[in-house]
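**Q** My questions all concern the structure below.
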Amino acid sequence: MAYSEKVIDHYQNPKNVGTLDKGSKNVGTGLVGAPECGDVMRLQIEVDDATGMITDAKFKTFGCGSAIASSSLATEWLKGKSIDQALAVDNMDFVEELNLPPVKIHCSVLAEDAIKAAINDYRVKNGMDAIKFEDSVVH
Amino acid sequence: MLKLPIYLDNNATTPMDPRVLEVMTPYFLEHFGNAASRNHPFGWQAEEAVDYAREQVAKLIGADPKEIIFTSGATEGDNLAIKGIYEMYASKGNHVITATTEHKAVLDTCKHIEKTGGEVTYLQVKPDGLIDLKELEAAIRPTTILIAIMYANNEIGTIQPIREISAIAKKHGVLLFSDAVQAVGKIPVDVNKDGIDLMAFTAHKMYGPKGVGALYVRRKNPRVKVTAQMDGGGHERGMRSGTLNVPGIVGFGKACELCMQDMEEDTQRISKLRNKLETELMKLEEAYINGSTEHRLPHVTNISFKHVEGEGLLMGFNKNIALSSGSACTSASLEPSYVLKALGLGDDLAHSSLRFGLGRFTNEEQIDYTIKAISETVLKLRDMSPLWEMYKEGIDLSKIEWAAH
Chain G
5 MAYSEKVIDH YQNPKNVGTL DKGSKNVGTG LVGAPECGDV MRLQIEVDDA TGMITDAKFK
65 TFGCGSAIAS SSLATEWLKG KSIDQALAVD NMDFVEELNL PPVKIHCSVL AEDAIKAAIN
125 DYRVKNGMDA IKFEDSVVH
Chain A
1431 MLKLPIYLDN NATTPMDPRV LEVMTPYFLE HFGNAASRNH PFGWQAEEAV DYAREQVAKL
1491 IGADPKEIIF TSGATEGDNL AIKGIYEMYA SKGNHVITAT TEHKAVLDTC KHIEKTGGEV
1551 TYLQVKPDGL IDLKELEAAI RPTTILIAIM YANNEIGTIQ PIREISAIAK KHGVLLFSDA
1611 VQAVGKIPVD VNKDGIDLMA FTAHKMYGPK GVGALYVRRK NPRVKVTAQM DGGGHERGMR
1671 SGTLNVPGIV GFGKACELCM QDMEEDTQRI SKLRNKLETE LMKLEEAYIN GSTEHRLPHV
1731 TNISFKHVEG EGLLMGFNKN IALSSGSACT SASLEPSYVL KALGLGDDLA HSSLRFGLGR
1791 FTNEEQIDYT IKAISETVLK LRDMSPLWEM YKEGIDLSKI EWAAH
């Protein structure tokens, strides 16, 4: 199966690989997927308390090229967005931007789940309720 | 000069040896006859060529030429052997014994006979990929008519103890069929010394053309017969109708002759390269060889690089190196290799595996390039892997509640 150029580019030059201090109150961490499924994504956001804007985002991903590309793209998109804007990111946005084939849709779902999990982690740390999302439909 | 891409997927198929193509060419053009045409020189020439090839093929496995049934490949051979025995020996019983690490062509054929009233025992394998001989013997029933165990595995190269298996089969009066696709031409296989009654193999895994293979069917001690699975002109002693693929068969014969002639030299050279590849890659942390290293084909190795996903790993170099992975991230089921899982590997290690199949045309420069490319990619992806980071922090990954999706 051939990958799209955008997937290859993110795979070869991933953006924002790394780790933020998960103990920090400003940092929300989302860890989704499972090793036995062949992909695990960890997405972290750093939020400015005063403005509610995401100032930094980092990822680490165990998975195929599409999973790596989706999480790399997610960090690019999240930086500079407000939490509300980040919540609006949909898995189909990844599918369209990266030209993911149907067998790789689950990578985009995982990326969306990772964003939501990171936001909820941030919310809970800061005394807010976790938002209840509908379960992802894939698998 | 190193020519890219490098081919290290010789268990999937091998490139043709140019010496094979050379002998095939005339049989596409001037000698195009039907080997079953008995009344003119075109037919005679084709028949003569097929007879010669049948001898070359038989010689490689220590068989009589009359015991060679030409097929379209090993999938057909597997089907013909298992279904053919099941139907031919129906009055004796309906039970077949096989193993969970067999090729799909064997497993799915067994599933088929189960649907038509057959009974099949699927033996588990030990962590090294070998079957347990005691379990095999214990599985034999009065109704057992066939044991179907592969000679060597396509994913991990593990060689089964065929002689011990055939001794058990003989003791209980059960026939032994072996899918020997990966073994024939690579290691010495002798149907008489090994005690095999039926054996499927194919040309394209031994530097011959695709679309031609053979089923060995024993004629003496005991005389074995299979029910034909295709009706027609009664070719191949009535066991496999259909006009013979003369150029393919000629190439198959030549490929067998070359394997026999070059086996020792090829094996020595290739296993040295395989060992170098393996030794260097095993210098990476948390790398594991899958399957027995003692009972193994000389040109195969299968290695898991923990905390790196196989398909992601392949993407780092698959423009330049052709390899396959036990990961199946592309399949709808997301199930990794059933062979690796049968060894007792966790899904995570199965997802992290690469299968290397070296061959006659692999050279040292290619292996050096491969070692470097794979090592670099593994390190790069581990820097990017949350699992690797957690492992390094001493976190027990098995204790984490993963949100499986």
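Taken in order, these protein sequences are the chains called G and A.
If you use the numbering used here, the first sequence corresponds to residues 5 to 143, in order.
If you use the numbering used here, the second sequence corresponds to residues 1431 to 1835, in order.
Every residue gets a Cβ at the ideal spot worked out from N, C-alpha and C, and that includes glycine.
Keep in mind that this is a model prediction, so the values were computed, not measured.
1) Using CA coordinates, which residue listed in 1662/A, 1667/A and 1708/A is at the minimum distance from residue 1656/A?
2) One question on the structure: do residue 1609/A and residue 1725/A come within less than 8 angstroms of each other, judged by their Cβ atoms?
3) Rounded to the nearest angstrom, what separates residue 1506/A and residue 100/G at their Cα positions?
4) Residues of chain A with CB closer than 8 angstroms to the CB of residue 26/G, please, in chain order.
5) Report the three-state DSSP secondary structure of residue 62/G (helix, strand or coil).
6) Can you list, in chain order, the residues of the stretch 1728-1742 of chain A whose Cβ is nearer than 9 angstroms to any Cβ on chain G?
7) Can you give me, in chain order, the residues of the stretch 15-40 of chain G that have a beta carbon less than 8 angstroms from any beta carbon in chain A?
8) If you draw a straight line from the alpha carbon of residue 1718/A to that of residue 1804/A, how long is it in whole angstroms?
9) Output needed in chain order: residues of the stretch 1775-1792 of chain A with a Cβ under 8 angstroms from some Cβ in chain G.
10) Just mark residue 48/G as buried or exposed, buried being the case when its beta carbon has 16 or more other beta carbons within 10 Å.
11) Does residue 1503/A pass the burial test, meaning 16 or more other C-beta atoms within 10 Å, or should it be called exposed?
12) Helix or strand or just coil, what does DSSP make of residue 1582/A?
13) What do you get for residue 1816/A, buried or exposed, if any count of 16 or more other CB atoms within 10 angstroms of its CB means buried?
14) Select from 1439/A, 1433/A, 1492/A and 1710/A the residue whose C-alpha is nearest the C-alpha of residue 1753/A.
15) Looking only at its own chain, which residues have a Cβ that is under 7 angstroms from the Cβ of residue 125/G, when we skip the five neighbours before and after it?
16) Should residue 65/G be flagged as near chain A, meaning a C-beta pair shorter than 8 angstroms?
17) Compare the C-alpha of residue 1743/A against each of 54/G, 70/G and 57/G and name the closest.
18) Should residue 1814/A and residue 62/G be called a contact, given that it needs their Cβ atoms to be closer than 8 angstroms?
19) If you drop the 5 nearest sequence neighbours on each side, which residues of the same chain put their C-beta closer than 8 angstroms to that of residue 1810/A?
20) What separation, rounded to the nearest whole angstrom, lies between the Cα atoms of residue 91/G and residue 83/G?
21) Would you say residue 1766/A faces chain G, with C-beta separation under 8 angstroms as the test?
22) Among 1552/A, 1790/A and 1736/A, whose alpha-carbon lies nearest the alpha-carbon of residue 1699/A?
23) So if DSSP puts residue 1629/A in a beta bridge, which residue, or which two residues, is it bridged to?
24) Quick test of your reading: residue 1775/A and residue 1589/A, contact by CB under 8 angstroms. State the CB separation rounded to the nearest angstrom.
25) With a Cβ-Cβ cutoff of 8 angstroms, do residue 1740/A and residue 1781/A count as a contact?
26) Would you call residue 1573/A buried or exposed, if buried means 16 or more other Cβ atoms sit within 10 Å of its Cβ?
27) Within the 8 angstroms Cβ cut-off, does residue 1760/A reach chain G?
28) Does DSSP put residue 70/G in a helix, a strand or coil?
**A** Well, looking at it:
1) Walking along the second sequence from the start, residue 1656/A turns up at place 226. Ranking the options by Cα distance to residue 1656/A, first place goes to 1667/A.
2) Sequence index remark: in the second sequence, residue 1609/A carries index 179 (1-based). Sequence index remark: in the second sequence, residue 1725/A carries index 295 (1-based). No, these two residues do not count as a Cβ contact at 8 angstroms.
3) Reading the second sequence from its first residue, position 76 is the one you call residue 1506/A. Reading the first sequence from its first residue, position 96 is the one you call residue 100/G. The alpha-carbon separation between residue 1506/A and residue 100/G amounts to approximately 43 angstroms.
4) Here residue 26/G is taken as the residue at index 22 of the first sequence, counted from 1. Per Cβ cutoff of 8 angstroms: no residues; residue 26/G is ~11 angstroms from chain A at best.
5) For this step, residue 62/G is matched to residue 58 along the first sequence. In the three-state reduction of the DSSP assignment, residue 62/G falls in the strand class, which pools E and B.
6) Using a CB distance below 9 angstroms, the part of the stretch 1728-1742 of chain A facing chain G consists of 1737, 1738, 1739, 1740, 1741 and 1742, ordered along the chain.
7) The stretch 15-40 of chain G vs chain A, Cβ under 8 angstroms: 15, 18, 21, 23, 35, 36, 37, 38, 39 and 40.
8) Within the second sequence, residue 1718/A is the residue found at index 288, counting from 1. Within the second sequence, residue 1804/A is the residue found at index 374, counting from 1. Rounded to whole angstroms, residue 1718/A to residue 1804/A spans 14 angstroms at the Cα level.
9) Listed by position, the residues of the stretch 1775-1792 of chain A near chain G (Cβ gap below 8 angstroms) are 1776, 1777, 1778 and 1781.
10) Translated into the one-based positions of the first sequence, residue 48/G becomes position 44. In this structure residue 48/G is buried. Its beta-carbon is surrounded by 16 or more other beta-carbon atoms within 10 angstroms.
11) In the second sequence, the residue the question calls residue 1503/A occupies position 73. Around the beta carbon of residue 1503/A, 16 or more other beta carbons lie within 10 angstroms, which makes this residue buried.
12) Numbered from its first residue, the second sequence carries residue 1582/A at position 152. Looking at residue 1582/A - three-state DSSP - the assignment turns out to be strand.
13) Against the second sequence, residue 1816/A aligns to sequence position 386. Under this definition residue 1816/A is a buried residue.
14) Here residue 1753/A corresponds to residue number 323 of the second sequence, with the count starting at 1. Out of 1439/A, 1433/A, 1492/A and 1710/A, 1439/A has the C-alpha closest to the C-alpha of residue 1753/A.
15) Within the first sequence, the letter at position 121 stands for residue 125/G. Once the five neighbours on either side are set aside, the close Cβ partners of residue 125/G are 32, 33 and 34.
16) Within the first sequence, numbered from 1, the residue matching residue 65/G stands at position 61. A Cβ of chain A is located within less than 8 angstroms of the beta carbon of residue 65/G.
17) Sequence index remark: in the second sequence, residue 1743/A carries index 313 (1-based). Checking every option, the nearest Cα to that of residue 1743/A belongs to 70/G.
18) The residue you call residue 1814/A lines up with position 384 of the second sequence. The residue you call residue 62/G lines up with position 58 of the first sequence. It is not a contact, given that the beta carbons lie outside the stated cut-off.
19) The count along the second sequence starts at 1 and reaches residue 1810/A at position 380. In the same chain as residue 1810/A, and ignoring 5 residues on each side of it, the C-beta atoms closer than 8 angstroms to its own belong to 1746, in chain order.
20) Residue 91/G sits at position 87 when you count from the first residue of the first sequence. Residue 83/G sits at position 79 when you count from the first residue of the first sequence. Cα-Cα distance, rounded: 13 angstroms.
21) For the purposes of this step, residue 1766/A is identified with residue 336 of the second sequence, where counting begins at 1. Yes, its Cβ sits closer than 8 angstroms to a Cβ of chain G.
22) For the purposes of this step, residue 1699/A is taken as the residue at position 269 of the second sequence. Nearest neighbour of residue 1699/A by Cα position, chosen from 1552/A, 1790/A and 1736/A, turns out to be 1790/A.
23) On the second sequence, position 199 is the one that residue 1629/A refers to. Beta-bridge partners of residue 1629/A (DSSP): 1608/A and 1646/A.
24) Taking the second sequence and counting its residues from 1, the one referred to as residue 1775/A is at position 345. Taking the second sequence and counting its residues from 1, the one referred to as residue 1589/A is at position 159. Taking a contact as a CB-CB distance under 8 angstroms, the pair residue 1775/A and residue 1589/A does not count as one, their CB atoms being some 19 angstroms apart.
25) Sequence index remark: in the second sequence, residue 1740/A carries index 310 (1-based). Sequence index remark: in the second sequence, residue 1781/A carries index 351 (1-based). Taking a C-beta distance under 8 angstroms as the contact criterion, residue 1740/A and residue 1781/A qualify as a contact pair.
26) Along the second sequence, one-based indexing puts residue 1573/A at 143. Label assigned to residue 1573/A: exposed.
27) Here residue 1760/A is taken as the residue at index 330 of the second sequence, counted from 1. Because the pLDDT of residue 1760/A is 44, which lies under 50, any placement of that residue in the model is unreliable, and the number read from its coordinates should be weighed accordingly. So yes, residue 1760/A belongs to the interface.
28) Position 66 of the first sequence holds residue 70/G. In the structure shown, residue 70/G sits in a helix (DSSP, three-state: H, G or I).
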